[in-house]
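Have a look at the structure below before the remarks.
Number of protein chains: 2
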Amino acid sequence: MVPGTFTVVQKFGGSSVADATKMAACAKHVLKTKSQVGPKGEKTRVVVVVSAMGDTTDDLIALSKTVTAGSDSVNTDTREMDQLLATGEQAASALVALTLQRMGHKARSLTGWQAGIFCDECFGRASITKIDPNALEELLSQDIIPVIAGFQGLAPDGSVATLGRGGSDTTAVAIAGALGATCEILKDVHGVYTADPRLVPGARRLDAVTYDEMLEAAALGSQVIHPRAVELAKKLKVPVRVLHSHEPEKGSTVIVAEDPSAAGRAVTSVVLKKAVGRISIRGLNNRAGVQSEVFSPIAAAGVPVDDIIQEDDGPGTINLTFTLDQGDAPKAAGIVRAIAGTIGAQAVRIDGALSTVSAVGAGMRNRPGVAAALFEALKHEQVVVENITTSEIRISVVVAEADGPRTARCIHKAFDLASEIASSSSVGSVGGTGAGISIEPLREVKAGSAQSGV
Amino acid sequence: MVPGTFTVVQKFGGSSVADATKMAACAKHVLKTKSQVGPKGEKTRVVVVVSAMGDTTDDLIALSKTVTAGSDSVNTDTREMDQLLATGEQAASALVALTLQRMGHKARSLTGWQAGIFCDECFGRASITKIDPNALEELLSQDIIPVIAGFQGLAPDGSVATLGRGGSDTTAVAIAGALGATCEILKDVHGVYTADPRLVPGARRLDAVTYDEMLEAAALGSQVIHPRAVELAKKLKVPVRVLHSHEPEKGSTVIVAEDPSAAGRAVTSVVLKKAVGRISIRGLNNRAGVQSEVFSPIAAAGVPVDDIIQEDDGPGTINLTFTLDQGDAPKAAGIVRAIAGTIGAQAVRIDGALSTVSAVGAGMRNRPGVAAALFEALKHEQVVVENITTSEIRISVVVAEADGPRTARCIHKAFDLASEIASSSSVGSVGGTGAGISIEPLREVKAGSAQSGV
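Right under this line is the structure:
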């Protein structure tokens, strides 16, 4: 942090820099921000982070498949894929720098290694290990706008490594942390909403959400910001603002540690995740380590699992159920069926066409009755709940995919999320009678015991 | 040079790596070379250098124009252009490494900076200043094929700089020099020809040419290999072989210091350059420095000049004539007309639709009568010669563009270039009577005094 200056890191996503016109709109926002004074009257400095243009990354992946055709994609060298994919952001950063120069401002593009971004050797999903801000500070001191290629860093062996999808968000947050800056994520949405506006009429943009709420929403499939970036922002205490790259004046959402505006609210948003699959292993003998025997081979195959539910099925016998992306279900089912005999399962069941609808709110932590209110709303709506899982700040229900949208709308309405001001009934407009019912008892609810954070 | 090993640097041009199929053909050639023992029975090591795929560089330049539209292209930051253009070779190197891996071999792509290529800061046309071969030697010692992104290096300020068009040839030669290796330039031609086979029936592939002949041919517009690469090869004494990337078995041409196969030949090839323009400044007072007053502003505007001819126009008065690419002629003429008054020129004439036809041969150095034989052949063919310029190993005539092809064919025939074996009349099948007429007297030939190497 340089005294007397206010620094903003602005990250533009791929659709925001998809062509010259869109790049010009981004550059205008950068220059407008730079021309404004900081909150304490400081001179504003802007650092830009960009993703690859439009579909560039997908195009490069398709190109790589033409040369690796016939070989097992699992064996494709991730190091080479990273050397290839990193070019997308590198090209975009040079083009945005040229755009800023055309508008009469000093700008310079930087690859990840030129910007001092060091990462580990986990090619394809590397983690940033260190930021050396010297090159950036030097440019900023000369009033040159640095335009950093996101999504990449320098691995210990001198290779270029990428941070995985959403890695440009992480780049921006890490740079902001190193510079003592605030971070803006500019993309094609106006911020974070109480629910998907295409799905829930009356969905409202939130002025603020907490890191934890955003983490839950991201894990549930919200595309607004990558969960790794949110985690890093929480760790580095970087305030992150999400806004529309070409209509930044239309409002935004800030992601912070505590959300004062949510005072009185138990639930701040509703997230629907479609195309959920479910695998259920029935009649397992509940001996020590049986869970590991199931989930280790699934993890080894690289299949991500969402929620895990374990319930009793008579004395010493359990049913082990987990949800996952429907597309991954056949692969996971194959693995489970292959080990069913060894682990002594009586049956394996696979379901698809499900949705998970989640109510998320940091205010849930200290408020009883939230789950009860939610269930009462669903009862009024006559929604059949297939499974329930919870975390400290989330209640998720698994429902038939066809019931997903009306379940989301029902919960949105029950917690009065369309209203700007938290109403007295904001614990749930249907319920409110559930005083004394904390989230804990949920673990005994008939639909199964819940386990989160898997 | 590692004892007991034989190292070959193979450079593949853009059309040779234009798609996955072509990359596979390149990879096969690499692996075949690697599997063969060296000339002294050594183990062969191969280093690959690649250009950007097909039209990638042109596409990136077109993309840059979309963002710089409206600004003067002269002011486009060459540093940013280089950061942008370098991505083309970077992507191609990763894809060729993946291709080699698919075929079961260890390979690793390297950007210029990863390969230890250092250059100066002349963005867009940087010169290689140093090669640190440690990274390459380390990979080779592990039997990993390095695949280097050509055309680029690391500038002193940490930026990526490009070496200009043809820079991948230079990369390959420089790497070969640093590794004590031989160099192969693989492209879409089968080697160097006595003339363009599309133009001159009977044109024949040469087994060998000298660095100097190749430099003259390249300066005259031959596209086979970039003159800077030839200069570097001459300086570093790197033998360079030119062959077809997908039909390497169909023969090749080696570029070396002395060509034993050309013994007895005065002329080894004929080169036609089309679309030549000419600007003539008439009636200049021949005071000291007048040439500088003409050519300094032209050079400052970045216009390359081919040949310069100065002739008397009466006592103390000269005509100054120069040829250049026809496309550059209007710009140069504008500059000359702007200074015509200041320098005291009586008239400025601009001509287009000309061609330069050149006879090139290192054997010309010590052989009299070559020019006379050439002129006699042109007399027989009834070609009107507009201007003449020469160098130590070249005679060029400027003719009307329509006369270019038949002039080339006439010279090709006169010097018996279609024949494998140098005939007794190889000094020129028409002439041979010119004993005692060396090249020097040409400077007094009516068409003008000649000056080369400008």
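As given, the protein sequences belong to chains D and U, one line each in that order. Going by the numbering used here, 288 is the number at position 288 of the first sequence; the sequence numbering is gapless. Going by the numbering used here, 1042 is the number at position 42 of the second sequence; the sequence numbering is gapless. Here a beta-carbon is modelled for each residue, glycine too, at the ideal position from N, C-alpha and C.
| query | result |
| --- | --- |
| Taking C-beta to C-beta, are U:Val1303 and U:Asp1328 nearer than 8 Å? | yes |
| So what's U:Ala1353 in DSSP terms, helix, strand or just coil? | strand |
| Can you pull the chain C residues whose beta carbon is under 8 Å from the beta carbon of U:Val1192, in chain order? | The structure shown has no chain C; the protein chains it does contain are D and U. |
| Quick one: is U:Arg1349 buried, meaning 16 or more other Cβ sit within 10 Å of its Cβ, or exposed? | exposed |
| So that I know if they touch, is there some Cβ in chain U lying closer than 8 Å to that of D:Val67? | yes |
| Count the CB pairs spanning the segment 1210 to 1222 of chain U and the segment 1037 to 1046 of chain U that are closer than 8 Å, and state whether there are at least three. | no |
| So, helix, strand or coil for U:Val1385, using DSSP? | coil |
| On the three-state DSSP scale, how would you describe U:Lys1106? | coil |
| Using the DSSP secondary-structure output, state which residues sit across from D:Ile457 in a beta bridge. | Nothing can be reported for residue 457 of chain D: it is not among the residues displayed for chain D, which extend from 1 to 454. |
| For D:Glu80 and chain U, any beta-carbon pair shorter than 8 Å? | yes |
| Excluding the 5 residues preceding and the 5 following U:Ala1203 in the sequence, name in chain order all residues of the same chain whose CB lies nearer than 6 Å to its CB. | Tyr1193, Thr1194, Ala1195 and Pro1197 |
| Mark U:Ser1396 as exposed unless 16 or more other C-beta atoms lie within 10 angstroms of its C-beta, in which case mark it buried. | buried |
| Which chain D residues sit within Cβ distance under 7 Å of U:Gly1316? | Under the 7 Å cutoff, chain D gives no residues; its nearest Cβ is about 50 Å from U:Gly1316. |
| Could you tell me how far apart the beta carbons of U:Leu1110 and U:Ile1148 are, in whole angstroms, since I believe they sit closer than 8 Å? | 5 Å |
| Measuring CA to CA, which of U:Gln1101, U:Gly1013 and U:Asp1059 is closest to D:Ala91? | U:Asp1059 |
| Name the chain U residues that come within less than 7 Å of D:Ile114, Cβ to Cβ? | What sits at residue 114 of chain D in the sequence shown is Gln, not Ile. The contacting residues are Gly1158. |
| With a threshold of 8 Å between beta carbons, is U:Pro1091 in contact with chain D? | A small fix is needed here, since residue 1091 of chain U is Ala in this sequence, not Pro. Yes, because at least one Cβ of chain D sits closer than 8 Å to the Cβ of U:Ala1091. |
| At 8 Å on the CB atoms, spell out the chain D contacts of U:Asp1169, in chain order. | Near U:Asp1169 there are no residues of chain D at all, since even the closest Cβ is about 22 Å away, more than 8 Å. |
| Against chain U, with Cβ distances strictly below 8 Å, would D:Ala94 count as a contact? | yes |
| Whose CA, out of D:Glu184, D:Glu247 and D:Ala300, lies closest to the CA of D:Val240? | D:Glu184 |
| What does the alpha-carbon distance come out to for the pair D:Ala372 and D:Ile411? | 12 Å |
| Count the C-beta pairs between the segment 226 to 243 of chain D and the segment 163 to 181 of chain D that are closer than 8 Å, then say yes if the count reaches three, no if not. | yes |
| Would you please state the rounded distance, in angstroms, between the beta carbons of D:Arg278 and D:Leu354? I believe it to be under 8 Å. | 6 Å |
| What does DSSP give as the partner residues of U:Asp1325 in its beta bridges? | U:Val1276 |
| Taking 8 Å as the cut-off, decide whether the C-beta atoms of U:Leu1186 and U:His1105 are in contact. | no |
| Just confirm the distance between the C-beta atoms of D:Met53 and D:Val9, as a whole number of angstroms; I'd bet it's less than 8 Å. | Actually they do not touch by this definition, with Cβ atoms about 20 Å apart. |
| Could you pull the start and end residues of the alpha helix (DSSP H) that U:Gly1167 belongs to? | Gly1167 to Leu1179 |
| Which same chain residues end up closer than 8 Å to U:Gly1436 when comparing Cβ atoms and leaving out the 5 residues on each side of it in sequence? | Residue confidence is low: U:Gly1436 scores 25 on pLDDT, short of 50, so the model does not pin down where it sits. Its coordinate-derived value is still stated next. Answer for U:Gly1436: Pro1368 and Gly1369, listed in chain order. |
| Between the beta-carbon of D:Leu378 and the beta-carbon of D:Ala359, is there less than 8 Å? | no |
| Give, in chain order, every residue of the segment 15 to 46 of chain D whose Cβ lies closer than 8 Å to some Cβ of chain U. | Asp19, Ala20, Met23 and Ala24 |
| Counting contacts by CB-CB distance shorter than 8 Å, is D:Arg125 in contact with chain U? | no |
| Can you list, in chain order, the stretches of the alpha helix (DSSP H) that have 4 or more residues and sit fully within the segment 35 to 86 of chain D? | 56 to 68 |
| Check D:Cys183 in the structure and name its three-state DSSP category. | strand |
| Is there a Cβ of chain D sitting closer than 8 Å to that of U:Asp1307, yes or no? | no |
| Within 10 angstroms of its Cβ, does D:Gln382 collect 16 or more other Cβ (buried), or is it exposed? | exposed |
| Going by beta-carbon coordinates alone, are D:Ala126 and D:Thr76 separated by less than 8 Å? | no |
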